[in-house]
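Chemist:
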Amino acid sequence: MADDTDTEGETEFEEGRYLYCAVTVDDGTDLDTDGVDDEPVRLLAVDDIGVVLHDCESLYDTADMDELRKWVLQHQNVVDAAGEAFGTPIPFQFDTVLTGDDDRVREWVAEERGTLGDYLDRLAGHWEYRVELRREEEALREDLVASDDRLAELDEEIEAAGSGTAFMLEKQYDQRLRELRRERRTDRAAALRDRLDEFVLDVNELGERTTLDDEDGDDDGMETQARFTVLATEDDEEGMGEMLDEVAAETGVEVRFTGPWPPYSFVPAIGGEDGTETGG
Numbered sequence: 011m012a013d014d015t016d017t018e019g020e021t022e023f024e025e026g027r028y029l030y031c032a033v034t035v036d037d038g039t040d041l042d043t044d045g046v047d048d049e050p051v052r053l054l055a056v057d058d059i060g061v062v063l064h065d066c067e068s069l070y071d072t073a074d075m076d077e078l079r080k081w082v083l084q085h086q087n088v089v090d091a092a093g094e095a096f097g098t099p100i101p102f103q104f105d106t107v108l109t110g111d112d113d114r115v116r117e118w119v120a121e122e123r124g125t126l127g128d129y130l131d132r133l134a135g136h137w138e139y140r141v142e143l144r145r146e147e148e149a150l151r152e153d154l155v156a157s158d159d160r161l162a163e164l165d166e167e168i169e170a171a172g173s174g175t176a177f178m179l180e181k182q183y184d185q186r187l188r189e190l191r192r193e194r195r196t197d198r199a200a201a202l203r204d205r206l207d208e209f210v211l212d213v214n215e216l217g218e219r220t221t222l223d224d225e226d227g228d229d230d231g232m233e234t235q236a237r238f239t240v241l242a243t244e245d246d247e248e249g250m251g252e253m254l255d256e257v258a259a260e261t262g263v264e265v266r267f268t269g270p271w272p273p274y275s276f277v278p279a280i281g282g283e284d285g286t287e288t289g290g
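Just add 10 to the spot in the sequence shown (first one is 1) and you have the numbering used here.
(1) Just the Cα atoms here: how many angstroms apart are G60 and E22?
(2) For the structure I just gave you, are there three or more beta carbon pairs, one from the region 128-141 and one from the region 43-53, closer than 8 angstroms?
(3) Please tell me whether, using a cut-off of 7 angstroms, the distance from the CB of D246 to the nearest non-hydrogen atom of the ligand PLP is below it.
(4) When DSSP builds the beta bridges, which residues end up paired with Y28?
(5) Using the C-alpha atoms, what's the distance from S68 back to E77?
(6) If contacts are defined as beta-carbon pairs under 8 angstroms, then V82 and V62 qualify, I think. What distance do you get, rounded to the angstrom?
(7) Could you tell me how far apart the beta carbons of G45 and Q86 are, in whole angstroms, since I believe they sit closer than 8 angstroms?
(8) Hey, out of W118, E148, Y28, R79, whose CA is closest to G262's CA?
(9) Indicate the three-state DSSP secondary structure (helix, strand or coil) for T234 in the structure shown.
(10) Check each candidate in W271, V115, W137, R194 and name the one with the smallest Cα separation from R144.
(11) Per DSSP, what kind of secondary structure is Y70 in: helix, strand or coil?
(12) E146 by DSSP, collapsed to three states: which one?
(13) Along the chain, where does the alpha helix (DSSP H) containing A176 start, and where does it finish?
(14) L78 by DSSP, collapsed to three states: which one?
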């Protein structure tokens, strides 16, 4: 969203509006909370679409990681409060700023009304849940070794080979084991996705480097086999949880299931080319 000001690339400007989220507004509903850096938050309604915001004169740029984490948490708290007050919001990423005054916000809503309205209608009553399927690494290895004839053949060849040949065979063994791990992850992810489809409106599969919480980086002997964010109603939460309990009942398997969250993974990108600055 690039606007008609000349502040692109700058962290300070004469006037701006920090955007938290867009919501569907009802008469008489308001929001009373503080936002990033304890700024007072307000709702700007443009017909039936409201934008939760606060006035600002700069992006929120800092090298202090503790301060940054505080700001991100404050941003999230405002989006959560807006969801409780108005229903499912379109959440904007941290440090999304529209340069200009309230009239510029109204112009932007008018420009984006089709997209905002369509997403608010589609998301209504739905929230984001996060699912991660994990398996004990040693149990997984034992399972793969016991079930693969090629690994058994290589194991026998290694036992009978001299040191030089054994080294090359061990490389083949490790490569085969890696291939089987990838295949197993693909199969388990596909099977879990099929089961999730019964309960959800939409599913996003997360990349291997994406973490769902801070514990993912721990060396705890578990291997992640699938990660998803899903879009579902709170009415479907219980059924989905019961299904995931069945999956987790398998020996050596763990399932992490969290939510409901604002649907960050299922909204259009806001920022950069249609009237906003982003930082953080």
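Ideal placement from N, C-alpha and C gives every residue a C-beta, glycine not left out.
Modeler: On the basis of the coordinates in this document:
(1) The residue given as residue 60 occupies position 50 in the sequence shown. The residue given as residue 22 occupies position 12 in the sequence shown. One C-alpha to the other measures close to 25 angstroms.
(2) no
(3) The ligand PLP is absent from the structure shown, which contains no ligand whatsoever.
(4) For the purposes of this step, residue 28 is identified with residue 18 of the sequence shown, where counting begins at 1. Partner(s): H64, V107.
(5) Counting from 1 along the sequence shown, the entry for residue 77 is found at position 67. Counting from 1 along the sequence shown, the entry for residue 68 is found at position 58. Distance between the alpha carbons of E77 and S68 is about 16 angstroms.
(6) As a first step, residue 82 is located in the sequence shown; it is residue number 72 there, counting from the start. As a first step, residue 62 is located in the sequence shown; it is residue number 52 there, counting from the start. About 16 angstroms; that fails the 8 angstroms criterion.
(7) On the sequence shown, residue 45 is found 35 positions in, with the first residue counted as 1. On the sequence shown, residue 86 is found 76 positions in, with the first residue counted as 1. The Cβ separation is near 10 angstroms, so there is no contact.
(8) In the sequence shown, counting from the first residue as 1, residue 262 sits at position 252. For the residues W118, E148, Y28, R79, the minimum Cα distance to G262 belongs to E148.
(9) For the purposes of this step, residue 234 is identified with residue 224 of the sequence shown, where counting begins at 1. DSSP places T234 in strand when its eight states are reduced to three.
(10) For the purposes of this step, residue 144 is identified with residue 134 of the sequence shown, where counting begins at 1. For R144, the nearest C-alpha among the options comes from R194.
(11) Mapped onto the sequence shown, residue 70 falls at position 60. In the structure shown, Y70 sits in coil (DSSP, three-state: anything other than H, G, I, E or B).
(12) Residue mapping note: residue 146 aligns to position 136 of the sequence shown, counting from 1. DSSP places E146 in strand when its eight states are reduced to three.
(13) Indexing the sequence shown from 1 puts residue 176 at position 166. Taken as a continuous stretch (DSSP letters only), the alpha helix (DSSP H) holding A176 covers 173-206.
(14) Translated into the one-based positions of the sequence shown, residue 78 becomes position 68. L78 sits in a helix when the DSSP states are folded into three classes.
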